[in-house]
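Asker: The numbering used here applies: residue 3 is where the sequence shown begins, and numbers increase by one. Backbone N, C-alpha and C fix where the C-beta goes; we use that ideal spot for every residue, glycine too. Below are the structure tokens for one structure; questions will follow.
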Amino acid sequence: NYYLTLGANGQGALDRTNGWNAAGSSVVITATPSNHWTFSNWSGQTSGCVIAGNVITAAMTQARTIMASFAIDLVPITASCEAHGSIAPSGIVNVAYGAATSFVATAELYYHIAGIATNGSTVAGTYDRSATNRILGWPSATEPGTVTVQIGLNLATNHTPELWLAGYYGWTNDFDALAE
3 NYYLTLGANG
13 QGALDRTNGW
23 NAAGSSVVIT
33 ATPSNHWTFS
43 NWSGQTSGCV
53 IAGNVITAAM
63 TQARTIMASF
73 AIDLVPITAS
83 CEAHGSIAPS
93 GIVNVAYGAA
103 TSFVATAELY
113 YHIAGIATNG
123 STVAGTYDRS
133 ATNRILGWPS
143 ATEPGTVTVQ
153 IGLNLATNHT
163 PELWLAGYYG
173 WTNDFDALAE
């Protein structure tokens, strides 16, 4: 007889338990992931075993220790920003299921964050020319989502672009006084 030791990394279950098995027998073990987890791989003393995805058939020609590994599901959140601003991280951000994450939105000089939307809905907040940097928390990633940052051009009180006033007149502050 040979002893079979089984274990799991991550969240999932095996349909067999540790124990003695007859020499020369084959033991079929199935790994089943918990909700929001995926079977990843088998490891340990698997030489001479037949592996088919989450099922392993262990030839009991020796004592064996076999581990099943499970990985938490990843939830994609797509982060984007209009021109003259940035969001970090950006692109497709994979977040562990149920985990929180955050994004930092930044506007370039003479621009401001004009709005932030998650999954198409506007996030409440003040979006004026003082809004040049915002941190957006995503409390629990449970399904794919989007975060989009809109950028606006800063305007003086007479609706003259601050970028233009700075470029032509060299002003870097008090744009409202210059515009009058």
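Leaving aside the five residues before and after LEU157 along the sequence, list all residues of the same chain whose C-beta is less than 8 Å from its C-beta, in chain order.
Answerer: On the sequence shown, residue 157 is found 155 positions in, with the first residue counted as 1. Only ARG131, PRO163, GLU164 meet the Cβ criterion.
Asker: Grab me the residues of GLU2's own chain with a C-beta within less than 7 Å of its C-beta, minus the 5 sequence neighbours each way, in chain order.
Answerer: The structure shown has nothing for residue 2, since the chain only spans 3 to 182.
Asker: Output needed for VAL57: all residues of its chain with C-beta closer than 8 Å, excluding positions within five of it in sequence on either side, in chain order.
Answerer: Residue numbering aside, residue 57 sits at position 55 when the sequence shown is read from its first letter. Counting only Cβ-Cβ distances below 8 Å, and skipping sequence neighbours, we find VAL30, ILE31, THR32, ALA33.
Asker: Can you round the beta-carbon distance between SER82 and ASN43 to whole angstroms, since I take them to be within the 8 Å contact cut?
Answerer: Working through the sequence shown from its first residue, we reach residue 82 at position 80. Working through the sequence shown from its first residue, we reach residue 43 at position 41. Wrong, their Cβ atoms sit about 34 Å apart, outside the cutoff.
Asker: If you draw a straight line from the alpha carbon of LEU8 to that of PRO141, how long is it in whole angstroms?
Answerer: Here residue 8 refers to the residue found at position 6 of the sequence shown. Here residue 141 refers to the residue found at position 139 of the sequence shown. Taking the straight line joining both Cα atoms gives about 36 Å.
Asker: As a quick exercise: from PHE41, THR80, GLY55, TYR112, pick the residue whose alpha carbon is nearest that of ALA119.
Answerer: The sequence position of residue 119 within the sequence shown is 117, counting from 1. Of the candidates PHE41, THR80, GLY55, TYR112, the one whose C-alpha sits nearest the C-alpha of ALA119 is THR80.
Asker: With a CB to CB cut of under 7 Å and the five nearest residues on each side skipped, what residues in its chain are close to ALA101?
Answerer: In the sequence shown, the residue the question calls residue 101 occupies position 99. Cβ neighbours of ALA101 beyond the five flanking positions: ALA143.
Asker: Could you tell me the distance, in whole angstroms, from the CA atom of GLU84 to the CA atom of GLY55?
Answerer: Here residue 84 refers to the residue found at position 82 when the sequence shown is read from its first residue. Here residue 55 refers to the residue found at position 53 when the sequence shown is read from its first residue. Whole-angstrom Cα-Cα distance: 43 Å.
Asker: Which residue from ILE74, THR103, ASN11 puts its Cα closest to that of THR148?
Answerer: Numbered from its first residue, the sequence shown carries residue 148 at position 146. Looking at the Cα atoms, THR103 is the closest of the given residues.
Asker: Run through the DSSP bridge pairs and tell me what ASN43 is partnered with.
Answerer: The residue given as residue 43 occupies position 41 in the sequence shown. Answer is SER71, bridged to ASN43.
Asker: Under DSSP, the alpha helix (DSSP H) around TYR129 begins and ends at which residues?
Answerer: Walking along the sequence shown from the start, residue 129 turns up at place 127. Element bounds for TYR129: n/a, residue is neither H nor E.
Asker: Smallest Cα separation from VAL95: which of GLY117, THR150, VAL52?
Answerer: Start at 1 with the first residue of the sequence shown, and residue 95 comes out as number 93. The shortest C-alpha separation from VAL95 is found at THR150.
Asker: Could you pull the start and end residues of the beta strand (DSSP E) that GLY21 belongs to?
Answerer: Here the question's residue 21 lines up with position 19 in the sequence shown. Start and end: 21–23.
Asker: Could you tell me the alpha carbon to alpha carbon distance between ILE153 and ALA133, rounded to whole angstroms?
Answerer: In the sequence shown, counting from the first residue as 1, residue 153 sits at position 151. In the sequence shown, counting from the first residue as 1, residue 133 sits at position 131. ILE153 and ALA133: Cα-Cα distance of roughly 10 Å.
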